[in-house]
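S.K.: Just passing along the structure, written as structure tokens.
Protein chains: 2
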Amino acid sequence: MRVIGIDIGGTSVKFGLFDDKTLLDKLELPTTKDLTEVIKKGINTLSPLSELSGIGVTVPAPTKDNYMFHAANLPWSNMNVKEHLSKELGFDNIEVLNDANAAALGEYHFGGVFDSAVMVTLGTGVGGGIIVDGKVLEGHGGFGGEIGHIQLDDKYNFECGCTATGCAETVASATGLKNLYKNYSQKELEAKEIFDLAKTGDEVAVKVTHLYAAYIAKFCQFLSVIVNPEIFIIGGGVSKAGEYLLDLIKEEFVRINAFKSLDNQEFKLAELGNDAGMYGAYYLIKNK
Amino acid sequence: MRVIGIDIGGTSVKFGLFDDKTLLDKLELPTTKDLTEVIKKGINTLSPLSELSGIGVTVPAPTKDNYMFHAANLPWSNMNVKEHLSKELGFDNIEVLNDANAAALGEYHFGGVFDSAVMVTLGTGVGGGIIVDGKVLEGHGGFGGEIGHIQLDDKYNFECGCTATGCAETVASATGLKNLYKNYSQKELEAKEIFDLAKTGDEVAVKVTHLYAAYIAKFCQFLSVIVNPEIFIIGGGVSKAGEYLLDLIKEEFVRINAFKSLDNQEFKLAELGNDAGMYGAYYLIKNK
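Heads up: the sequence lines are chains D and U, in that order. Just so you know, we're using our numbering here: the first sequence kicks off at 1 and counts up by one. Just so you know, we're using our numbering here: the second sequence kicks off at 1001 and counts up by one.
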């Protein structure tokens, strides 16, 4: 079995060629207006189509049953990606999923054996993906796992890209951390710099990173009594703060958690980095 | 096909005899210390065991794969209810589920055709149940859909029965409504009285019912970007306030909602009342 997993982003498209166990080869091409051509080129560079058993594709937009809704930074929007690519490639076994959900699926299958998992991606925004019994929770209109838009904050009311205020993204993303730090120091620093400062014991940075972790713990608490996953997987750029961040989140989670038996809730750091979406695209086919 | 659905509560046990379409007969017996005997008696009154194809059972405790965890008001706790009853009755086809999840399953199948639903039960506490593609989201440790314990409030900090403060239950249940009204009027009224007052235009009651609906809308917003259900079903004693309450919830939901396409989120009132759990127990077998 050979599968190509394709992770389409606004800037680049990642291609991974897998056999039934491992990544054999990968490739990254810039995203252009003629996205279909980019995809054909990437596939052809890695393998003849005739040797593939399936192609998994992720897109940076909500999806439902292979249909993608509006994408902000892509030439494609509101289309059935599976139908489009099947016709263009003359190839049937294609599956399509939102990128954050695919990243969750990648980490879920790669990281161990779990009955369920919630992945929380802390980057420029906050993404998420919910996996139950190996299945992605896409939701009725593709908004399953869009946890960055939980109305989490009513104290700072920073503005969110989605037009609302107070979304998880405004306080729990890398941008959120910068927002919070600026609020208490009047200074603008990058997320990494703030964590580095906190690790040296800087008072404001310590306060802000605790506050930041408390917001993440808060929406993990919500998820623990809604989805009740076996494990939370913390990924995205901010997760490079590593065990320091993970310990803060766990500490705060135990403090606010409603049920004693959830005090042992498992949390782990993501392992696949920027390849998670590509792996997820692969597992879409592999575990079909 | 004949099925008995049994809804076990702390005060009474409800039994419903169903064929493959409708409720034929029902019965309610008081809950006693010898719960197994109560169940045998109820079943025998409605039908000979030999004529049954299955028995569905709900319990007032978190469940996972027919195992029930701790129950506060029941002689049974921490046991595999399916195994116990199979042995006691000499009958195999038994399925067991948490009562709030079962109520959700009952309303989901009874109320129409939906791909997914979240039921919100507003009673003495706040219960919930999440159904996706006909399957109940039980969660890793049975806490799926325990939405009454979302940490919703950090303003009033009323105490919750679970030992935490600020749970949804403390502001969004009938008790929560009474808490809020007392906070603004120093008077103690029942939930129904507060809604009746609000409908006459009483200033404090109007303010408090709006605030109350805003809390419900807030956790529905969380659920809309986590589970993204096709429909929210609002049940429990407080839902007798009817369209008045539903309109307030919808209005507030649209105000805080992050995604334009969720402005048309469907909400409906529950239809089965106190029989919802019994129906859910039935559907556990029927749609197995």
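Using N, Cα and C, we set each Cβ at its ideal position, and we do this for glycine too.
1. Anything in the region 1169-1192 of chain U with a Cβ closer than 8 Å to a Cβ of chain D? List those residues in chain order, please.
2. Report the three-state DSSP secondary structure of D/Ser-239 (helix, strand or coil).
3. In the region 164-250 of chain D, which residue ranges form an unbroken beta strand (DSSP E) of at least 3 residues, counting only runs that do not cross its ends?
4. Can you tell me which of U/Ile-1249, U/Ala-1100, U/Ile-1216 puts its alpha carbon nearest to the alpha carbon of U/Asn-1274?
5. Using a cut-off of 8 Å between C-beta atoms, extract the partners of U/His-1109 located in chain D.
6. How about the region 1174-1186 of chain U and the region 1207-1214 of chain U: do they share at least three Cβ pairs that are nearer than 8 Å?
7. What is the rounded straight-line gap between the Cα of D/Leu-52 and the Cα of U/Leu-1074?
8. Cutting at 6 Å between CB atoms, please list the residues of its own chain near U/Leu-1029, excluding the five before and the five after it.
9. Could you tell me the distance, in whole angstroms, from the CA atom of U/Ser-1224 to the CA atom of U/Leu-1262?
10. Is there at least one Cβ from chain U nearer than 8 Å to D/His-210's Cβ?
11. Just tell me which of U/Leu-1272, U/Leu-1248, U/Lys-1218 has its CA closest to the CA of U/Gly-1236.
12. Per DSSP, what are the beta-bridge partners of D/Thr-32 in this structure?
13. Do you know offhand how far U/Thr-1045's Cα is from U/Ser-1173's?
14. Please report how far the alpha carbon of U/Ile-1094 lies from the alpha carbon of D/Val-132, in whole angstroms.
15. Since I believe D/Val-126 is in contact with D/Val-120 (beta carbons under 8 Å), could you give me their beta-carbon distance rounded to a whole number of angstroms?
16. Please tell me whether D/Cys-220 has its Cβ less than 8 Å away from any Cβ of chain U.
17. At a CB-CB cut-off below 8 Å, which residues of chain D make contact with U/Glu-1230?
18. For D/Glu-159, I'd like the list of residues in its chain whose CB is within less than 8 Å of its CB, leaving aside the five on either flank, ordered along the chain.
19. For a contact meaning CB atoms closer than 8 Å, what does D/Asp-115 contact in chain B?
20. Can you tell me whether DSSP reads U/Thr-1022 as helix, strand or coil?
21. At 8 Å on the CB atoms, spell out the chain D contacts of U/Gly-1129, in chain order.
22. Residues of chain D with CB closer than 7 Å to the CB of U/Glu-1146, please, in chain order.
23. Against U/Ala-1164, what residues of chain D qualify as contacts under a CB-to-CB distance less than 9 Å, listed in chain order?
24. Taking the Cβ atom as the reference point for each residue, do U/Thr-1058 and U/Ala-1102 lie within a distance shorter than 8 Å?
M.R.: The relevant details are as follows:
1. none
2. Along the first sequence, read from residue 1 onward, the residue named residue 239 of chain D stands at position 239. D/Ser-239 falls in the helix class under three-state DSSP.
3. 231-235
4. Looking up residue 1274 of chain U in the second sequence gives position 274. Taking only the C-alpha atoms, the option nearest U/Asn-1274 is U/Ala-1100.
5. Mapped onto the second sequence, residue 1109 of chain U falls at position 109. What U/His-1109 touches in chain D: nothing, since even the nearest Cβ is about 17 Å away.
6. yes
7. Your numbering for residue 52 of chain D matches position 52 in the first sequence. Your numbering for residue 1074 of chain U matches position 74 in the second sequence. Approximately 57 Å, taken between the alpha carbons.
8. The residue given as residue 1029 of chain U occupies position 29 in the second sequence. For U/Leu-1029, where only same-chain residues beyond five positions count, the Cβ hits under 6 Å are Val-1013, Val-1038, Gly-1042.
9. As a first step, residue 1224 of chain U must be located in the second sequence, where it is residue number 224. As a first step, residue 1262 of chain U must be located in the second sequence, where it is residue number 262. Those two C-alpha atoms are separated by around 8 Å.
10. As a first step, residue 210 of chain D is located in the first sequence; it is residue number 210 there, counting from the start. Judged by the 8 Å Cβ criterion, D/His-210 is not in contact with chain U.
11. Position 236 of the second sequence, counting from 1, holds the residue named residue 1236 of chain U. Considering only alpha carbons, the answer is U/Leu-1272.
12. For the purposes of this step, residue 32 of chain D is taken as the residue at position 32 of the first sequence. DSSP output for D/Thr-32 lists no bridge partner at all.
13. In the second sequence, residue 1045 of chain U corresponds to position 45, counting from 1. In the second sequence, residue 1173 of chain U corresponds to position 173, counting from 1. Distance between the alpha carbons of U/Thr-1045 and U/Ser-1173: 36 Å.
14. If you number the second sequence from 1, residue 1094 of chain U lands on position 94. If you number the first sequence from 1, residue 132 of chain D lands on position 132. Answer to the nearest angstrom: the Cα atoms are 24 Å apart.
15. Counted from its first residue, the first sequence places residue 120 of chain D at position 120. Counted from its first residue, the first sequence places residue 126 of chain D at position 126. Yes, D/Val-120 and D/Val-126 are in contact; Cβ-Cβ is about 7 Å, under 8 Å.
16. By one-based count along the first sequence, residue 220 of chain D stands at place 220. Not one chain U Cβ lies under 8 Å of D/Cys-220.
17. Position 230 of the second sequence, counting from 1, holds the residue named residue 1230 of chain U. Near U/Glu-1230 (Cβ distances below 8 Å), the residues of chain D are His-140.
18. Here the question's residue 159 of chain D lines up with position 159 in the first sequence. Answer for D/Glu-159: Thr-165, Thr-170, listed in chain order.
19. Any reference to chain B falls outside this structure, whose protein chains are D and U.
20. As a first step, residue 1022 of chain U must be located in the second sequence, where it is residue number 22. DSSP places U/Thr-1022 in coil when its eight states are reduced to three.
21. Within the second sequence, numbered from 1, the residue matching residue 1129 of chain U stands at position 129. Residues of chain D passing the Cβ test: none, with the nearest at roughly 11 Å.
22. Counting from one through the second sequence, the residue named residue 1146 of chain U turns up at place 146. By Cβ distance, chain D contributes Val-225.
23. Along the second sequence, one-based indexing puts residue 1164 of chain U at 164. Those within 9 Å of U/Ala-1164 in chain D are Ile-256, Asn-257, Ala-258, Phe-259.
24. Within the second sequence, numbered from 1, the residue matching residue 1058 of chain U stands at position 58. Within the second sequence, numbered from 1, the residue matching residue 1102 of chain U stands at position 102. Yes, the pair counts as a contact, with Cβ atoms nearer than the cut-off.
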